[in-house]
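According to numbering that gives the first Met the number 0, the sequence shown holds residues 0 to 561 in order.
The beta-carbon is built from N, C-alpha and C at its ideal position, and this holds for glycine as well.
Working notes, structure below.
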Amino acid sequence: MKYFIQSLILTLALTMVSAFTIAQEVDTFHTDSIGQLFVNPKTPIHLYLSTSPDGKDAVRLKSQQPEGEPLYWDGHGPQYLTHLNLYLGRKIRFDLFADGLPPKTSPNFDVKQGYQKGNTIYVSGTTIIEFTSTDAHSGIDKLMYSVNGNEFAQYAQPIVLDNEGQYTLKFYATDNVGNKEDEGERTIMVDTTPPVTDLKFIGPEHNSVVASATKFELTATDLNGVKETYYSIDDDTQKQYKTPIALAKLSEGEHSIIWYSIDMVGNTEENQQLDFFVDKTPPMVFEELVGNTYMVAGKEYSSGRTQLRIVAVDNKAGVKEIHYSINNQPFKLYEKPVYLSEISGAAIVKSFAIDNVGNKGVSDTEGQQFSMPKVDITGPNIKYTLKGPRLTLRDSLWLSPKTKIGITATDDGSGLNRIEYKINENAPGEYTDEFYIDQSGAYTIVATAWDNVENLNISNLELRIDANAPELLCNFSVKPHRFIDEGEERVPVYSNGVLVYLGATDDIVGVDRIMVSINGSREKAYTQPLSGFKVNQTHTIKLRAIDRLGNEKETTIQFRVE
């Protein structure tokens, strides 16, 4: 009986956990693989006795002391239930562990693809997040997570984030006795965009042509930070960029620089390249007097527009500025040819040029000396000559198509160089000889003459051309009484004593005269009606009307008198 009582108490103590566990929604007891019992110290405990291992006939024990209903374990750590066998005088101890500490969870990622700063994780490309959760005693029951405010889900496999952007990850774990850790939170920045690195010129530069003093500054930008920038020049060893790159040791000529950057999560920028030219050669400068000088009888003439022209040439970068000084005056910026009409006698010119990358080229340091020519500022005198019929009517000059038009010009200074003319809106041409205008109409002739120092003068001549002949009129004093055929002509027949009246009209300048020839006789001026025609004979009269500019019209009439 004593043995039975002892055995009964042990059995009840060991089955207590099972009976209690059945009654709970949340498992607050846990037995590990080696049989160690874990309990949450905040969980109320009630004791049951049973004679069977499965606790089917368990009976609840009531404490005689109020603080034993229910029992709580004091704090975190090992705890004991002790059975005092008064009969045998010994204690039997039942071990358990009061687990009051929650798990600890942390998200993990591939360190080759990112880094963590505070609660923010920066990663590159498709990112796999795995959780590590530890509990030193009862062990992990489950791990829960939420992405961007979605409902919590139980973690079962790594989380894949493959779209660029910002994610908010929340998580927590519970252990096997119901301890729940505080929610953890991480901000995850998925960055798939590589850095952008700009090259800036420090010092002179023009269209990728640089001076030897120029430096290259590389500035990389990235949403989440730049880790490193690398560069190489002319396929040389790749170097990490730290300070602006000096070009002084490069030879003059073509070169190339390649650069790229890597951001903090490993995104690598594609190679950027710049082909550039190092220009160490200064411009060459030349001075000259240009235009409008001519020698006549040992004398040099100028139009007064004689100019100092300074020309600079550069091998690559191009000329930026030219400066000049005349007769040791302060240097001025050369912008266009300089008129020297106010300078007489000798002049000394000095100049220098600067190219677009700051190289400076100087002309003859002693200066160029020259003498100024005599000034001729008057253009040639122009005159028109007219050979042939001409007439002035109502302030208008009228010419015949047979009238020759000539242009002459003289110059008392440097002498005549050339004459050009144009008629109305036609293209101008060089004048070489007299010319005609054979079509009726109004015309404006513009003549331009240049002397040997390019002074010019312009003269206009307005005229009208009448190329139309008068209209002839012929009337008989009686009507024909019949017609006869002579050859292919149909000839009218008039009675004896018929008179022929002649007339002419001209629309513009008027008729000057009418000339008549009867039956082949000598031509004479028409002054009165024609008469005295022989009978029984066919007569032929040739008529010619002439206007005041010599335009004429001829006609022939035939008739018979019976």
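Using the DSSP secondary-structure output, state which residues sit across from L329 in a beta bridge. Per the sequence shown, the amino acid found at residue 329 is Pro instead of Leu. Paired residue(s): none; P329 is not in a bridge.
Between the region 448–466 and the region 478–486, do three or more beta carbon pairs fall short of 8 Å? Contact fails: fewer than three Cβ-Cβ distances are below 8 Å.
Determine the DSSP secondary structure at E163, reduced to helix, strand or coil. coil
In whole angstroms, what is the alpha-carbon distance linking P243 and F215? 5 Å
Under 7 Å Cβ to Cβ from D410, same chain only, skipping five residues before and after it: list those, please. P379 and D450
According to DSSP, F475 sits in a beta bridge with which residue or residues? Note: F475 sits in a beta bridge opposite V499.
Keeping to the same chain, check which residues put their C-beta closer than 6 Å to that of I257; ignore five residues upstream and five downstream. S231, N270 and Q272
Is DSSP giving P101 helix, strand or coil here? coil
With a cut-off of 9 Å, does the C-beta of N495 fall near any C-beta of chain C? You won't find chain C in this structure, because it holds only one protein chain.
Helix, strand or coil for P491 per DSSP? strand
Do the region 452–467 and the region 391–399 make contact, defined as three or more Cβ pairs closer than 8 Å? Touching, per the Cβ criterion.
Exposed or buried, which one is G177 when buried takes at least 16 other CB atoms within 10 Å? buried
Cβ atoms of S250 and V289: under 9 Å apart, would you say? Not closer than 9 Å, so no.
Close Cβ partners of Y435 (< 8 Å) along its chain, the five nearest in sequence each way excluded: P400, K401, T402, K403 and I404
Leaving out five residues before and five after R559 in sequence, what residues of the same chain have Cβ atoms less than 6 Å from its Cβ? V490, V492 and T537
Take the Cβ of P281 as the centre, count every other Cβ of all protein chains shown within 10 Å, and call the residue buried at 16 or more, exposed below. buried
Would you kindly work out how many angstroms separate the C-alpha atoms of N326 and K349, rounded to a whole number? 8 Å
Beta-carbon contacts of A466 that lie in its chain and below 8 Å, excluding the five residues immediately before and after: S399, P400, D437, Q438, S439 and N550
Pull up the DSSP beta-bridge partners for Q272, would you. I257
Please report the straight-line C-alpha distance between A544 and R521, rounded to a whole angstrom. CA-CA distance, A544 to R521, rounds to 16 Å.
Is P102 closer than 9 Å to D73 when the C-beta atoms are compared? no
What did DSSP end up calling P281 once you bin it into helix, strand or coil? coil
In or out: A155 buried (at least 16 other Cβ within 10 Å) or exposed? exposed
Closest Cα partner of T218 within the set Y229, V58 and E488: Y229
Taking the beta strand (DSSP E) that L198 falls in, what are its first and last residues? First-last of the beta strand (DSSP E) with L198: V195 to I201.
Would you kindly report the start and end of the unbroken beta strand (DSSP E) that includes Q306? Q306 to V312
Looking only at its chain, what residues have a beta carbon closer than 8 Å to the beta carbon of L385, apart from the 5 residues adjacent to it on each side? L398, T402, K403, I404 and G405
Start and end of the beta strand (DSSP E) containing W72? Where W72 is concerned, there is no enclosing beta strand (DSSP E), given that its DSSP letter is neither H nor E.
Per DSSP, which residues does K41 bridge with? Please list them. DSSP output for K41 lists no bridge partner at all.
Cβ-based neighbour list, I517, same chain, cut-off 6 Å, excluding 5 preceding and 5 following: I540
Report the partner residues of K382 according to the DSSP bridge assignment. Beta-bridge pairing links K382 to T407.
Buried or exposed, going by whether 16 or more other CB atoms sit within 10 Å of the CB of S51? Exposed, since its Cβ has fewer than 16 Cβ neighbours within 10 Å.
Among L100, T504, Y71 and E433, nearest to H45 - alpha-carbon criterion: Just measuring C-alpha positions, the residue of L100, T504, Y71 and E433 sitting nearest H45 is Y71.
Taking only heavy atoms of the ligand MG into account, decide whether any of them is closer than 8 Å to the Cβ of N456. The model on display carries no ligand, and the ligand MG is accordingly not part of it.
Which residue from A172, I158 and A245 puts its Cα closest to that of K199? A245
Decide if Y430 is buried, meaning its Cβ has at least 16 other Cβ atoms within 10 Å, or exposed. Answer is buried; the Cβ neighbour count reaches 16.
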